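For reference, the structure discussed in these notes is given below.
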């Protein structure tokens with residue numbers, strides 16, 4: 001997973017107006033199994049998430065963007081692998 | 084989402100509390116009188132004390148308000164106003180509205196309808212119904228919390244409690260052969276049971292703490308799973324085994340709870356039947372232990388304990404709904420877990436609806452089909 005991919009997650013988080021904890025809470029609700037500390041590490045590039053974890057975070061962010069009236073700006077890695 | 088009392092509808096007053104991004108909605112169902120008003124008062128005061136900016140009191144399903152109920156509402160308005168916050172009343176019935184007019188409700192914000200909350204992605208009524216469906220689907224039984232059992236130092240006890248009880252209930256319901264389950268946590272080098280499904284498991288845990296022996300003690304200390312197929316042939320715990328046998332217990336599996344790489348406790352599941360736990364059952368037990376560990380690891384966030392506790396109940400319900408819907412899709416379409424999740428997510432993305440709502444729809448359609456067979460399978464297809 002490239003650094004840009006992870007940077008994009010954290011930038012999207014900032015744009016979505018979510019703290020790392022708030023993003024983790026949304027991720028957890030969607031079934032995520034990593035801890036808040038691990039998610040923070042994903043965002044800062046200290047740990048590399050699995051594709052599934054990345055996509056859960058992407059989806060948590062996209063649901064937030066929809067709440068704010070937007071679309072789904074964060075791409076999913078699984079779709080790319082399937083295609 | 085939290086419902087009081089938690090034994091469901093049937094009492095004279097039910098309160099449903101939903102935490103939304105900008106406010107808290109308290110929905111009142113039933114009668115608000117001198118007997119039930121103090122309960123609402125306690126909830127409203129609790130919310131006010133915990134600093135929630137805006138509280139909405141939904142009276143759409145409130146049938147009756149007497150002077151005691153009005154007083155509680157008025158006091159809460161005053162309480163919140165002291166710190167510049169508001170209590171909004173939503174959808175009061177004609178009678179309730181006239182009563183409020185009589186006592187003078189100047190300054191009250193009256194709202195009509197839950198549109199605002201729908202926009203925020205939450206439908207009170209439906210969330211509750213799906214919760215019940217999910218609960219029925221997993222055969223959740225009653226689980227008792229153990230009063231007074233202390234939790235580890237910095238962990239938020241109130242928040243953890245509900246989550247661990249849910250894990251215990253799920254473990255007992257879903258692990259094949261399980262007759263009971265408990266969670267033990269260590270504090271100041273002493274183990275305590277913080278959630279238990281029944282008195283037998285409580286007694287079993289106590290025997291382990293007293294003898295310093297048993298799978299729970301070993302799993303919580305050594306951080307790996309301990310399992311015994313039959314206590315008849317067990318040689319590892321000579322002081323503990325006969326005591327457990329006297330309780331009618333034959334097989335036990337204890338899986339460690341791990342926080343920041345340190346074992347902090349164990350999820351214990353017992354059976355009265357020897358050889359009750361297959362290797363799949365043991366793996367499932369470990370999964371629940373991992374779930375409980377995730378819960379424990381995530382608690383140390385700087386959020387108020389009450390909202391935290393409510394959030395955990397809601398989040399676990401959401402996870403459960405999604406997992407159940409995933410299972411339905413896997414079975415229906417012969418796909419694996421990842422593909423099932425992707426199908427849910429794709430639908431959510433295409434319709435701009437939350438993934439959880441899609442999962443709820445799938446479970447609801449299953450419920451409808453079960454109620455009225457033989458329906459076509461169309462309604463749960465994409």
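Residue numbers (this note's numbering), protein chains in the order written: chain A, 1 to 83; chain B, 84 to 465.
Just so it is clear, CB atoms sit at the ideal spot from N, CA and C, and this is done for glycine as well.
Nothing here was measured: the structure is a model prediction, and the numbers come from that model.
Is there a Cβ of chain A sitting closer than 8 Å to that of residue i, yes or no?
{"i": "residue 387(B)", "result": "Because residue 387(B) carries a pLDDT of 40, less than 50, the predicted location of this residue cannot be relied on, and no value is offered for it."}
{"i": "residue 435(B)", "result": "yes"}
{"i": "residue 405(B)", "result": "yes"}
{"i": "residue 401(B)", "result": "yes"}
{"i": "residue 425(B)", "result": "yes"}
{"i": "residue 173(B)", "result": "no"}
{"i": "residue 268(B)", "result": "no"}
{"i": "residue 304(B)", "result": "no"}
{"i": "residue 280(B)", "result": "no"}
{"i": "residue 153(B)", "result": "no"}
{"i": "residue 308(B)", "result": "no"}
{"i": "residue 394(B)", "result": "yes"}
{"i": "residue 428(B)", "result": "yes"}
{"i": "residue 137(B)", "result": "no"}
{"i": "residue 375(B)", "result": "no"}
{"i": "residue 421(B)", "result": "yes"}
{"i": "residue 432(B)", "result": "yes"}
{"i": "residue 322(B)", "result": "no"}
{"i": "residue 398(B)", "result": "yes"}
{"i": "residue 338(B)", "result": "no"}
{"i": "residue 100(B)", "result": "no"}
Relative to the alpha-carbon of residue i, which residue among the options has its alpha-carbon at the smallest distance?
{"i": "residue 403(B)", "options": "29(A), 9(A), 6(A), 13(A)", "result": "29(A)"}
{"i": "residue 78(A)", "options": "53(A), 27(A), 34(A)", "result": "53(A)"}
{"i": "residue 11(A)", "options": "66(A), 45(A), 67(A), 80(A)", "result": "45(A)"}
{"i": "residue 170(B)", "options": "109(B), 125(B), 152(B), 151(B)", "result": "109(B)"}
{"i": "residue 411(B)", "options": "441(B), 310(B), 373(B), 398(B)", "result": "441(B)"}
{"i": "residue 65(A)", "options": "124(B), 437(B), 363(B)", "result": "437(B)"}
{"i": "residue 172(B)", "options": "305(B), 138(B), 429(B)", "result": "138(B)"}
{"i": "residue 408(B)", "options": "450(B), 372(B), 373(B)", "result": "450(B)"}
{"i": "residue 358(B)", "options": "426(B), 343(B), 313(B), 423(B)", "result": "313(B)"}
{"i": "residue 174(B)", "options": "163(B), 145(B), 151(B)", "result": "145(B)"}
{"i": "residue 320(B)", "options": "340(B), 339(B), 298(B)", "result": "298(B)"}
{"i": "residue 98(B)", "options": "327(B), 157(B), 142(B)", "result": "142(B)"}
{"i": "residue 253(B)", "options": "350(B), 379(B), 444(B), 327(B)", "result": "350(B)"}
{"i": "residue 266(B)", "options": "260(B), 163(B), 328(B), 341(B)", "result": "341(B)"}
{"i": "residue 258(B)", "options": "353(B), 343(B), 431(B), 164(B)", "result": "353(B)"}
{"i": "residue 329(B)", "options": "418(B), 447(B), 287(B), 125(B)", "result": "287(B)"}
{"i": "residue 466(B)", "options": "261(B), 375(B), 326(B)", "result": "Limits of chain B in this structure are 84 at one end and 465 at the other, which puts residue 466(B) out of reach."}
{"i": "residue 356(B)", "options": "344(B), 332(B), 343(B)", "result": "332(B)"}
State yes or no: is the beta carbon of residue i nearer than 8 Å to at least one beta carbon in chain B?
{"i": "residue 28(A)", "result": "yes"}
Determine which residues share a DSSP beta bridge with residue i and list them.
{"i": "residue 137(B)", "result": "169(B)"}
{"i": "residue 351(B)", "result": "265(B), 337(B)"}
{"i": "residue 403(B)", "result": "In the DSSP output, where bridge partners are listed per residue, residue 403(B) has none listed."}
{"i": "residue 114(B)", "result": "147(B)"}
{"i": "residue 346(B)", "result": "341(B)"}
{"i": "residue 276(B)", "result": "267(B)"}
{"i": "residue 309(B)", "result": "337(B)"}
{"i": "residue 101(B)", "result": "108(B)"}
{"i": "residue 96(B)", "result": "113(B)"}
So, residue i versus residue j, is the Cβ gap smaller than 8 Å?
{"i": "residue 140(B)", "j": "residue 111(B)", "result": "yes"}
{"i": "residue 284(B)", "j": "residue 264(B)", "result": "yes"}
{"i": "residue 114(B)", "j": "residue 96(B)", "result": "yes"}
{"i": "residue 368(B)", "j": "residue 336(B)", "result": "yes"}
{"i": "residue 250(B)", "j": "residue 274(B)", "result": "no"}
{"i": "residue 323(B)", "j": "residue 365(B)", "result": "no"}
{"i": "residue 248(B)", "j": "residue 278(B)", "result": "yes"}
{"i": "residue 255(B)", "j": "residue 280(B)", "result": "yes"}
{"i": "residue 74(A)", "j": "residue 61(A)", "result": "yes"}
{"i": "residue 360(B)", "j": "residue 310(B)", "result": "yes"}
{"i": "residue 425(B)", "j": "residue 401(B)", "result": "no"}
{"i": "residue 406(B)", "j": "residue 413(B)", "result": "no"}
{"i": "residue 155(B)", "j": "residue 120(B)", "result": "yes"}
{"i": "residue 39(A)", "j": "residue 24(A)", "result": "yes"}
* Taking a Cβ distance cut-off of 8 Å, strictly less, list which residues of the segment 48-76 of chain A are near chain B, in chain order. => 52, 55, 59, 62, 63, 66, 67, 71, 72, 76
* Asked: Name the residues in the segment 2-31 of chain A whose C-beta lies less than 8 Å from a C-beta of chain B; which are they?
  -> 21, 24, 25, 28, 29, 30, 31
* What residues from the segment 437-450 of chain B come within 9 Å of chain A, judged by C-beta to C-beta, listed N to C? -> 437, 438, 439
* Asked: Just by C-beta distance, which residues in the segment 245-265 of chain B are closer than 8 Å to chain A?
  -> none
* Closer than 7 Å, Cβ to any Cβ of chain A: which residues of the segment 324-336 of chain B, in chain order? -> none
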